[in-house]
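Residue numbers (my numbering): 1 to 314.
Built from N, CA and C at the ideal position, the CB exists for glycine as well.
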Amino acid sequence: MALQVTGMPSVVESIAAHDSGKTPFSVEFFPPRDEAAEARLWRTVRDFEQLRPAFASITYGAGGSTRDRTVRITGEIAEHTTLTPVAHLTAVDHSIDELRAMIGSYADKGIRNILALRGDPPGNPLGEWCAHPDGVHYAEELVHLVRELGGFHLGVASFPEGHHRSPDLDHDTRYLVRKLRAGAEYSITQVFFDVDDYLRLRDRVAAADPEQGAKPIIPEILPITSLRSVRRMVELSGSALPPALEESLSAAAGTGPQEDRAAVREVGIEFATGMAERLIAEGIPALHFITLNFSRATREVLQNLGLVAAPAAS
């Protein structure tokens with residue numbers, strides 16, 4: 001039976017409806033672990049709500065570790081804010097019946113947009129990936145499953161540097177094209193730090209299948225505020241920091257027992273702004289920001305780009 005989900009724009013519709021003449025942007029949140037973190041998340045949600053992003057995605061922990069919180073937070077954002085929420089859904093460690101139940105939970109809360117991901121193994125994202133015996137093996141199959149239930153708009157992940165499990169970039173491109181052909185309407189990239197990697201990905205998809213290449217590939221940007229944190233992030237994703245950026249961040253961090261967060265942050269904001277400026281010049285459909293449930297760094301980048309106004313002087 002097809003699920004009926006109405007009343008909320010799709011990601012592609014939200015991007016297209018952005019009529020300010022400026023590049024649309026979106027933001028990513030993650031489910032909070034405790035009450036204090038949840039209070040901070042809601043302050044951040046309300047901050048961004050005033051800036052009118054095209055959509056807001058809510059992540060899903062490895063192995064479904066944040067499943068219930070993801071459903072609850074996504075539903076509350078749909079019900080209590082003007083934001084268009086996009087719910088992450090991962091296949092790892094879930095049977096098909098469990099996935100159908102999750103999709104039904106999203107439908108019950110009026111959520112129309114899903115980002116379909118295979119997901120990383122719990123405990124070690126770079127470890128061996130094993131499908132649930134009653135689950136699916138690939139994100140492409142997850143796209144088919146959601147589409148069979150009906151009423152949803154789907155996005156998938158893309159990888160400018162290539163997925164760490166792909167033997168080469170051509171193999172990675174073929175799998176992205178298959179996900180798009182299965183019914184995904186757009187992709188959001190994994191975080192990256194070299195604009196040329198994004199441009200080459202876009203060119204590869206367009207060359208492999210011009211129809212699928214016409215679908216939005218939304219670049220994901222992280223405004224770096226901590227060298228330690230970004231090193232850990234790229235380590236877990238199988239990607240890397242460009243040597244020049246690593247050198248600049250290391251110099252800013254200093255040699256003391258604690259990194260100079262203010263100096264690192266300054267380098268990170270400047271770098272993210274420069275990346276975004278070049279991406280906008282290259283005609284990207286939108287910018288997607290990892291916020292880490294804080295608004296200040298992303299807001300500063302958006303202000304630097306002229307996409308949002310600076311706060312009025314008091």
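So for G268, helix, strand or coil by DSSP?
Three-state result, G268: helix.
For L249, collect the residues of the same chain with a Cβ closer than 8 Å to its Cβ; drop the 5 residues on either side in sequence, then sort them by chain order.
Here the set comprises I224, L227, V230, L241, V264, V267, G268.
Counting pairs of beta carbons, one from the region 246-260 and one from the region 171-185, are three or more of them closer than 8 Å?
Short answer: they don't touch.
Quick check on the DSSP output: the beta strand (DSSP E) that includes Y106 runs from which residue to which?
That residue, Y106, is in no beta strand (DSSP E); its alpha helix (DSSP H) goes 96-108.
List the whole-angstrom C-beta distance separating L169 from L89, where the pair is believed to meet the contact cut-off of C-beta under 8 Å.
Between L169 and L89, the beta carbon gap of about 26 Å keeps them out of contact (Cβ cut-off 8 Å).
Chain-order list of residues whose beta-carbon lies under 6 Å from that of N304 (same chain, five-residue window excluded):
Same-chain partners within the cutoff: T273.
For H80, count neighbouring C-beta atoms within 10 Å of its own C-beta (all shown protein chains included) and say buried if the count is 16 or more, exposed if not.
Counting Cβ neighbours within 10 Å, H80 comes out exposed, since fewer than 16 surround it.
Does E185 come out as helix, strand or coil in the three-state DSSP assignment?
Residue state, collapsed to three classes: coil.
For a quick check, are the C-beta atoms of K109 and G150 less than 8 Å apart?
Cβ atoms of K109 and G150: not closer than 8 Å.
Nearest residue (CA-CA) to V205, options L41, T189, F193, E220:
When each option's Cα is compared against that of V205, the closest is T189.
If contact is defined by three or more beta carbon pairs under 8 Å, each pair taking one atom from either stretch, is the region 154-167 in contact with the region 112-119?
With the cut-off at 8 Å, the region 112-119 and the region 154-167 touch.
Near A310, which residues of its chain fall below 7 Å by C-beta distance, leaving aside the five closest residues on each side in sequence?
Take A310, set aside five residues on each side of it, and the residues of its chain with a beta-carbon closer than 7 Å to its own are Q303, in chain order.
I'd like to confirm the pairing. Which residues does DSSP put opposite E28 in its beta bridges?
Bridge partners of E28: S57, I290.
Proximal residues to I15 (C-beta, below 6 Å), its chain only, five neighbours per side dropped:
Excluding the 5 residues flanking it on each side, I15 has same chain C-beta neighbours closer than 6 Å at P24, A54, P285, A286, in chain order.
Taking just the CA atoms, how far does S57 sit from L145?
Rounded to the nearest angstrom, the two C-alpha atoms are 20 Å apart.
Kindly give me the distance between the Cβ atoms of L279 and V195, rounded to whole angstroms, as I take these residues to be in contact under 8 Å.
L279 to V195, Cβ: 6 Å. Contact.
Return the CA-CA distance between P161 and A139, expressed in angstroms with no decimal places.
Just to set this straight, residue 161 is Glu in the shown sequence, not Pro. Rounded to the nearest angstrom, the two C-alpha atoms are 18 Å apart.
When you compare the CB positions of V86 and V11, do they come within less than 8 Å of one another, or not?
Yes. Within cutoff.
Would DSSP call V308 helix, strand or coil?
Coil, per DSSP.
State the Cα-Cα distance for the pair I111 and E220, rounded to the nearest angstrom.
The alpha-carbon atoms of I111 and E220 are separated by roughly 22 Å.
In whole angstroms, what separates the C-alpha of A244 from that of F29?
Computed Cα separation, rounded: 29 Å.
Decide if S295 is buried, meaning its Cβ has at least 16 other Cβ atoms within 10 Å, or exposed.
By the neighbour-count criterion, in which a residue is buried when 16 or more other Cβ atoms sit within 10 angstroms of its Cβ, S295 is buried.
Excluding sequence positions up to five away, which residues of its chain have a Cβ less than 8 Å from the Cβ of A184?
Within the same chain, Cβ atoms closer than 8 Å to the Cβ of A184 are found at A116, V143, L154, G155, V156, K215, the five residues on either side in sequence being excluded.
Assuming the contact rule is C-beta atoms closer than 8 Å, T82 and E49 should be a hit. Round their C-beta distance to whole Å, please.
Contact between T82 and E49 holds, with the beta-carbon distance rounding to 6 Å and staying under 8 Å.
Am I right that I218 and Y198 are in contact with their C-beta atoms under 8 Å? What's the rounded C-beta distance?
That pair is no contact at about 10 Å.
Beta carbon of I77 nearer than 8 Å to that of P31
Contact flag unset, no.
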